[in-house]
Structures are given as structure tokens and as C-alpha cells.
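Everything on this sheet refers to the single structure shown next.
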Amino acid sequence: MTETQDGVPLWLDIGVLDMATCKSLEGAMVDLWHCSATGSDSSFTELSPNTKFPALLSELGENVSDFEVGTTDIHTDSQTWLRGMWPTDKHGMMQMKTIFPAIHIHVQVDTDWTTQENGTLVFENTLSTGQLYFEEELEKKVMGPQLYTSHTQINRIQNYVDMEFSKGEMNGYNPVVSVVPVDDDDLNKGLIGYITIGVDTTAIEDEHWSAS
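Just so you know, we're using this note's numbering here: the sequence shown kicks off at 6 and counts up by one.
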């Protein structure tokens, strides 16, 4: 899912566990997306990462109080870099090659998905929507190079002040990816990350959607 984006290589191994049975979940589609090293998101490349969201909406003629996630459309293009999905295997595992994100990685786990003739996917059951994080000390080391610090008007949100991070830690959950460097002496050569995502297959989120 890296496509043309520069950054520290990251190989993700993600396991999905069915909390209802405590067994690996085969055939679950794991959908990942995150911003680039410079803070931009594909499909929104004309929106400046240096502008705070309320001001950004104002520039687009939108009001913060009227903004609805999934309804208000502020897409600027159809680029797809740093967006990807893949189903889990018989061991409940999937792998994805990307780059170390500027902040965190968004993740969604779906079941009962089908492929249509035009290549798009239709999802019936969304089991989990959340974010994956990294240890703060690792983020400081990786984000030292100029590439990750080129936008300076907005400071990176640290885990301890991120409200979504606090939510991710509720009820004993751990949203932090375990990471091992490819080379202990040079993090720029790449990182290998692993995390297990527990999902409740009896709790379906109220949404139906499709993707290409």
C-alpha cells in the first residue's frame, strides 16, 4: 500500500482474534489507511496538513458543527496511496507493507464481504473500527529525519494527549504495535510490527459500505 510514498519501511503482521471463541478469525478483511510522512492523506492531497481542521473546513465553505464523518464529502482526488486491505488466512493473520505513519494507523475489520464483477468489494458486517499506535519513544526516533518534520505549523499529537489513544486502552486493551527494527543501528532500514486485534463477532457496527 506504500505506492510512491517515502518514509521508513514498515512491515505489519496483524492477527485477528474472535473474542467470542478465543480462536483465530479466518477470512476477516483488515482495512488499513494512514497519512504520509508529511501528514497528507490520499484522496485529500489538496488539503494542507499545516491547517487545523476547523480552519480547513471554513476554507471549504463547511461548518464544523455541520460536519458528519462518512457523510460530508471533502475528497479532492482519487489517489489511493497508504490505503490497503487484505483478508486474514487460516491462522487469522494478514501482512501489509507500508511506511511508518506520521501519527497512527486507522484500521477496520469486516466480515461477510463479497467481490463484485467490477472488482469492488461490498462489506456487510463491520466488527471493529479503531486506530493502531506506536510507542512514543519510537515515534520520536523515527520522526527525527527531515521528511517527517517538514510540516512545522502543527505539532504531532502525542499519545498521552490523544483522546482516541485513551479510549483504545479502556477495558485492558492495548492499541500499541510491538516493533522490532530490521537493523538495530539504523531504523531507516525498516521496522517489523506485530499486533493482535480482538474483535467481537457478535457485535456488528451499524453500517454497510463498498470499496474499490
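Positions of the beta carbon are idealized from the N, C-alpha and C atoms, including for glycine.
Item: Comparing C-alpha positions only, which one of Lys57, Thr134, Cys40, Val204 sits nearest to Thr50?; Value: Cys40
Item: For Val166, count neighbouring Cβ atoms within 10 angstroms of its own Cβ and tell me buried if that reaches 16, exposed if not.; Value: exposed
Item: Of all the options Leu62, Glu142, Pro180, which has the alpha carbon lying nearest to the alpha carbon of Leu192?; Value: Glu142
Item: Find the nearest neighbour of Lys57 within the set Val184, Asn160, Asn176, judged by alpha-carbon distance.; Value: Asn160
Item: Have a look at Glu122 and Gly177 and give me their C-alpha separation to the nearest angstrom.; Value: 42 Å
Item: For Thr119, list the residues DSSP reports as bridge partners.; Value: Val127
Item: Please work out which residues of its chain come closer than 6 Å, Cβ to Cβ, to Asp71, disregarding the five sequence neighbours upstream and downstream, and give them in chain order.; Value: none
Item: Alpha carbon to alpha carbon, what distance is there between Ala33 and His213?; Value: Residue placement at His213 is flagged as unreliable, the pLDDT there being 45, under the threshold of 50; the coordinate-derived value follows with that caveat. Approximately 15 Å, taken between the alpha carbons.
Item: The beta strand (DSSP E) that contains Leu37, what's its start and end?; Value: 34 to 38
Item: Have a look at Thr206 and Leu30 and give me their C-alpha separation to the nearest angstrom.; Value: 9 Å
Item: Going along the chain, which residues of its own chain have a beta-carbon closer than 8 Å to the beta-carbon of Gln100, five neighbours each way excluded?; Value: Trp16, Leu17, Asp18, Ile19, Trp91
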